[in-house]
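These notes concern the structure reproduced below.
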Amino acid sequence: MSPLRRIAVANADALRARHSDLFDGVLARRLTAIAVVVVLAALAALAVWRLDVSLARFGSGLVQIANIVGAMFPPTPGTHLVVFLHALAETLAIAFLGTLIAAAIAFPLGLLAAKNVIPNVFAHFAVRRLLDTVRGVDVLIWALIFINVVGLGPFAGILAIAASDTGSFGKLFSEAIENADRKPVEGVVAAGGSALHAVRYGLVPQVVPVIASQVLYYFESNTRSATIIGIVGAGGIGLHLAEQIRVLEWGQVAFLVLLILVTVAVIDWVSGRLRFAIIGRSTVGAG
Amino acid sequence: MLVVEGLTRRFGNLHAVSGASFAVERGAFVGVIGPSGAGKSTLLRMINRLVDPSAGRIRFDGQDVTALTGSDLRRWRRRAAMIFQQFNLVGRLDVLTNVLMGRIATVPAWRSLAGLWPDDDKLVALSALEQFDIAPLAARRAEHLSGGQQQRVAIARALVQEPEIILADEPIASLDPRNTRVVMDALLRINKHFGITVLCNLHSLDIARAYCDRLIGMAAGRIVFDGAPVALTDALARDIYGLDSDQVLDGAARAPQPDLPEAALGEAAAA
């Protein structure tokens, strides 16, 4: 027994009395935690019951899945290889332009929505609610809206992604800016810098790595989204995917899915390299 | 007894530590001194095995520490507590939980992961906090404490590990003079009171001379001095610290002089 433990044991009662708050509340806290878990489980059970989630139905459906997977082999482009590749390029272009436009619009909005940049409550409250509203509408809904505005095709897809991600980026950017360290800003202001200087030299260098990795992730995510909005007619590979599913050409569906999978993996790899190049390896390694 | 034999660590081409050999008796208070980049931190971190040696051996009471892996390694780390320059507390957790972290290698995993710490261990943690007069802060978040208080929490965490040796890596480099005293006194008390060996990296030669029984001087990764503080003459200290020596051999008489060219002074006066 170490000397410290001997002292603790010898004074156990006195210690307990002096710090009763650290021992007494424990049971109550534990019961609260258990109650929270029970309530969550009950809510989940209620949802399962009300939404008619049936394992039996899922079980019989599994056979159907097996049939479909069987029909997917071998994956084949059929006679549409060039068309598919062209559509894939279109999807990539939609994702790229949509993400770029969203980031460009969201950056100033993110600054306006950050409490440490705009101390005025009304200003950043207004910008935040605007971003919430834009974000509240899903990309698929934006796609349907823009198809009615500019007609079917990739342009509608670009606008849909740009609109929906402006909301997401605005929120993420403003949070990254608010999490930034205040000390560099103080350094710039103390040297006689204006508010704009404080943003340019105090905040932006801190948030650029965060923003860059978010934008790169969204480019990858949007490549997948662009597939979905293609299904409703906003251009890209999704249109072909929906069509092949409709005509039950499972081999071609499998080929398209693999094509998208490979593309996303490549983007992921490239963006990982880019991210390291921007952040600099030193901050990631042991330092 | 801690025995270090030919301990070496390379980072690429850089020899952070090369061929360090020494032995530390149980209950000693040993200061490791030297300028920044001399390899002091790497040496201490190798003993806790936070950094793996490139060559050489560490033995403790005959056991080969360099060969340990898995749960044996965790048991060794429990016995060789670390104290860091930046305290390395979990800022968002309360002080008591931070100190209980010192029990993490001993308490069953299901208990520590669920946060169900045994009352006995809580008592030990509180007793350690009382040793350093910070028990009233037990329920506060660690990040809300001052630097001196945080370092005392870190020392309490180390003490609660019931270690056989404490490795303190520049424990006072981030503290003001008053807290420097408080923290060094705390380490000294652990050493004398509980008989725990202390191996402490220090920047300041004055502090090292005041507190340590023995000094190990490092320069450019090599051990260049090993002996009692009185044996470390100013000339030897200058060898260890090189150009920095005037800043380290402090005292009012040697306060640094401004080093401005005459012309610059003239301009400043004119402006």
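Here the protein sequences come in this chain order: A and B.
Counting in the numbering used here, the first sequence runs from 1 upward without gaps.
Counting in the numbering used here, the second sequence runs from 288 upward without gaps.
Backbone N, C-alpha and C define an ideal beta-carbon position, used for all residues, glycine too.
A direct Cα-to-Cα measurement between B/Gly306 and B/Val291 gives close to 9 Å. A/Leu203 is not a Cβ neighbour of A/Ser271, given a cutoff of 8 Å. A/Arg50 is classed as exposed because its beta carbon has fewer than 16 other beta carbons within 10 Å across all chains shown. For A/Arg50, no CB of chain B lies under 8 Å from its own CB, so it is not counted at the interface with that chain. Per DSSP, reduced to three states, the secondary structure at B/Ala325 is coil, with no helix or strand assignment. For A/Ser2, the residues of chain B that pass the 8 Å Cβ criterion are Glu449, Phe481, in the order they occur in the chain. Just so you know, the alpha carbons of A/Thr133 and A/Asp181 end up roughly 29 Å apart.
About 31 Å separates the Cβ atoms of B/Ser491 and A/Ile7, ruling out a contact at the 8 Å cut-off. Within the stretch 401-433 of chain B, no run of beta strand (DSSP E) at least 3 residues long lies entirely inside it. The beta-carbon separation of A/Ile177 and A/Gly110, rounded to 6 Å, stays under the 8 Å limit for a contact. A direct Cα-Cα distance of roughly 41 Å separates A/Ala104 from B/Asp381. Secondary structure note for B/Asn488: its beta strand (DSSP E) is the uninterrupted segment 484-489. Here the alpha carbons of B/Arg379 and B/Met333 stand approximately 28 Å from one another. Looking only at B/Gly389, B/Ala396, B/Asn335, B/Arg525, the smallest Cα-Cα distance to B/Leu446 is reached by B/Gly389. Distance from the Cα of A/Gly236 is smallest, within the candidate group A/Arg29, A/Gln64, A/Ile141, A/Ala156, for A/Ala156. For A/Asn11, the residues of chain B that pass the 7 Å Cβ criterion are Ser414, in the order they occur in the chain. Shown here, A/Gly61 sits in a helix according to DSSP, grouped into three states. Within chain B, the residues placing a beta-carbon under 7 Å from that of A/Leu15 are Leu410, Leu413, Ser414, ordered along the chain. At a cut-off of 8 Å between beta carbons, A/Asp132 makes no contact with chain B. At a Cβ-Cβ threshold of 8 Å, A/Ile229 and A/Phe173 do not count as neighbours. By the rule that beta-carbons nearer than 8 Å mark a contact, A/Leu31 does not touch chain B. Contact with chain A is absent for B/Asp456, since none of that chain's Cβ atoms lies less than 8 Å from the residue's Cβ. Per DSSP, the beta bridge partners of B/Leu294 are B/Ala307. In the DSSP secondary-structure assignment, B/Ala455 is bridged to B/Ile370, B/Cys487. Beta-bridge partners of B/Met505 (DSSP): B/Ile510.
Short of 6 Å from the beta carbon of B/Thr467, and not among the five residues preceding or following it, lie these beta carbons of its own chain, in chain order: Ile459. Against chain A, a Cβ distance below 7 Å from B/Leu446 picks out Leu4.
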